[in-house]
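A.B. asks: Residue numbers (the numbering used here): 313 to 695. A single structure is presented below for examination.
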Ligand SMILES: Cc1ncc(COP(=O)(O)O)c(C=O)c1O
C-alpha cells in the first residue's frame, strides 16, 4: 500500500467519476468545442458550458462567462498579472507567495511595475493591518495566496477583499491551496480576480485551471489565436471567455473537472474540510511528540489549511522524504515547494522542510503509519 500525502501538489487519487468523465470524453466525444455545428461539436461546447456553470456555482459567480479556463493556476496567475499590469503600476503582495506569483512579479518589476512585499509572521500569517498600511500609496493591485502551500496558513481575504474594494484597489487571490476546501465566494469576499487549479482541491485532471475575472474588468490575453467564433477580425474577440481562451480546449480534462466540482458540491465543502482538517489537527498534535521534530508556521488552528511543514533536527528534509518513500511507501515532499520567500519567513531557507498534505482519500490509519515511520526513522538514525 502506498500512502499519498502530497495533495498540495495535486490531489490523488480522484473520485471515480472524474476518471470516467475524462475517459468517456476522450473516447466518445471526438470533437473540438466551439469548432463545428455537427452534433458531437455541439455536445463538446455544451460540456464546456456546463463546466463553466459548475465552477460559477462553486465560486458564487453570477455570469459564468467570467470564468476563463486555463491549463493551471500558474497560467491563470500569469494571465491576470501580465494582462492587467502596466509600467508605473504599484502592486502589494506578501512574503508567503508561490513562484507562480513571485516570478511574474519579478519580470514585471524589471518592466517598471513597483512591487511592495509585506512580511508575514513566523506563523505565516500576514496581519491585515500591515497590508492595509502598505496600501497607503494606492496600489493598483493586491495579490496574495488564500492558503500557503508551505504552512497552510489562511490569510484574511474575507477582511481584505471588502476593504480593498472600498479603497479602489483590485484583488487577485491565488486560490491554489484553498479552492475546494474553504468557501471562496467572489461576491461575498469581493474578489476581483481568482486563480484556481483544477487538479488540486477541485479533483480535476492535470492540465486544468481557471481564472475568474470580475465583470467590466478588462485584461489582455496571454495567448491569441483561433477561438472558434468570428474569424474575420485581425484582433482577438473582445468578449469573455473567448477573448482569453484561444486554441483548442482541453475537453477531456474539463469533463473531469466538471465531475470533480459536482463531486465537491454533492459531498459538501464542510464535510471535506472537516475530514481533512481532522487529519491535520491530529498531525499538529502528534508530530511534535517525535524527538527533534519541529513544526514550522503552524499558527492558529482556525487559520490552518491542509499543508503542514516540519523538519527534524540533524536530518536533511530530502533524506526524510526519501526514506519515507523507500522504506514505508509514504509520499511527502521535501524542499522549498516553489516558495523561497515563505521559507525565509518561517526560518527554513535554504534547506526547506518536509511537507505533508492530507486529502479527501487519506484516513487516520495513514496518519498513524506516517507517525510510526517517522518515529522509527528518527530512532534508527539516533542509534
Ligand atoms: C499557492 C500556489 N500557487 C500556485 C500554484 C501553481 O499551481 P499549478 O500547479 O496549477 O500551476 C501552486 C501549486 O503548487 C500553489 O501551491
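Glycine is no exception: its CB is placed at the ideal position from the N, C-alpha and C atoms.
(1) Helix, strand or coil for residue 531? Go by DSSP, reduced to three states.
(2) Runs of 4 residues minimum, wholly inside the segment 534 to 608: which ones carry the alpha helix (DSSP H) assignment?
(3) The beta strand (DSSP E) that contains residue 646, what's its start and end?
(4) If we ignore side chains and look at the alpha-carbon of each, how far apart do residue 695 and residue 681 end up?
(5) Since residue 468 contacts residue 487 with CB under 8 Å, what's their CB separation in whole angstroms?
(6) Nearer than 7 Å: is that true of the beta carbon of residue 467 relative to any heavy atom of ligand 1?
(7) Do the segment 488 to 499 and the segment 577 to 596 touch if we need at least three Cβ pairs shorter than 8 Å?
(8) Bridge partners of residue 381, per DSSP?
(9) Hey, out of 444, 602, 658, whose CA is closest to residue 624's CA?
(10) Look up residue 695 in the DSSP assignment and say whether it is helix, strand or coil.
(11) As an exercise, report each continuous alpha helix (DSSP H) stretch of at least 4 residues that is fully enclosed by the segment 611 to 668, in chain order.
(12) Does DSSP put residue 689 in a helix, in a strand, or in coil?
(13) Go through the segment 357 to 419 residue by residue and report every complete run of the alpha helix (DSSP H) that reaches 4 residues or more, in order.
(14) I'd like to know whether the C-beta atoms of residue 549 and residue 555 end up nearer to each other than 8 Å.
(15) Should the segment 498 to 518 be regarded as contacting the segment 532 to 548, the criterion being three or more beta carbon pairs within less than 8 Å?
(16) Here's a check: name, in chain order, each residue in its chain whose Cβ is nearer than 7 Å to the Cβ of residue 595, leaving out the five neighbours to either side.
(17) Pick helix, strand or coil for residue 325, following the three-state DSSP scheme.
(18) Express the C-alpha separation of residue 422 and residue 648 in angstroms, rounding to a whole number.
(19) Distance check for residue 646 and residue 633, CA to CA, integer angstroms please.
(20) With distance defined between alpha-carbon atoms, name the residue in 378, 328, 471, 442 nearest to residue 523.
(21) Taking DSSP as the reference, what is the three-state secondary structure of residue 454?
(22) Using the beta-carbon count (16 or more within 10 Å), is residue 390 buried or exposed?
(23) If you draw a straight line from the C-alpha of residue 383 to the C-alpha of residue 482, how long is it?
(24) Tell me whether residue 650, by its Cβ, gets closer than 7 Å to a heavy atom of ligand 1.
(25) Are the beta-carbon atoms belonging to residue 489 and residue 568 less than 8 Å from one another?
(26) Alpha helix (DSSP H) containing residue 446: first to last residue?
(27) Nearest to residue 433 by alpha carbon, out of 442, 479, 454, 597?
C.D. replies: On the basis of the supplied data:
(1) Shown here, residue 531 sits in coil according to DSSP, grouped into three states, outside any helix or strand.
(2) As far as the segment 534 to 608 is concerned, its whole alpha helix (DSSP H) runs of at least 4 residues are 563 to 579, 581 to 598.
(3) 645 to 647 is the span of the beta strand (DSSP E), which, as asked, contains residue 646.
(4) Residue placement at residue 695 is flagged as unreliable, the pLDDT there being 41, under the threshold of 50; a coordinate-derived value is accordingly withheld.
(5) Their Cβ separation, rounded to whole angstroms, is 15 Å, which puts residue 468 and residue 487 out of contact at 8 Å.
(6) Because no heavy atom of ligand 1 lies under 7 Å away, the Cβ of residue 467 does not count as near it: no.
(7) Verdict: yes, contact present.
(8) When DSSP reads this structure, residue 381 sits in a beta bridge with 522.
(9) Residue 624 has its Cα closest to that of 602, out of 444, 602, 658.
(10) Because the pLDDT of residue 695 is 41, which lies under 50, any placement of that residue in the model is unreliable, and the number read from its coordinates should be weighed accordingly. Residue state, collapsed to three classes: coil.
(11) Taking only runs of at least 4 residues, the alpha helix (DSSP H) segments lying wholly in the segment 611 to 668 are 629 to 640, 652 to 658.
(12) The answer is helix: DSSP assigns residue 689 an H, G or I state.
(13) Counting only runs of 4 or more, we get 385 to 396.
(14) A contact, by the Cβ cut-off of 8 Å.
(15) Result no; under three Cβ-Cβ pairs closer than 8 Å.
(16) Excluding residues up to 5 positions away in sequence, 620, 668, 679 lie with their Cβ nearer than 7 Å to the Cβ of residue 595 in the same chain.
(17) The answer is coil: DSSP assigns residue 325 none of H, G, I, E or B.
(18) Straight-line Cα distance between these residues: approximately 24 Å.
(19) If you draw a straight line from the Cα of residue 633 to the Cα of residue 646, it comes to about 6 Å.
(20) For residue 523, the nearest C-alpha among the options comes from 378.
(21) The answer is strand: DSSP assigns residue 454 an E or B state.
(22) Its Cβ being crowded by 16 or more others within 10 Å, residue 390 is buried.
(23) Going by the C-alpha atoms only, they are around 24 Å apart.
(24) Flag set: Cβ of residue 650 near ligand 1.
(25) In this structure, residue 568 does not lie closer than 8 Å to residue 489 by Cβ.
(26) Residues 440 to 446.
(27) For the residues 442, 479, 454, 597, the minimum Cα distance to residue 433 belongs to 442.
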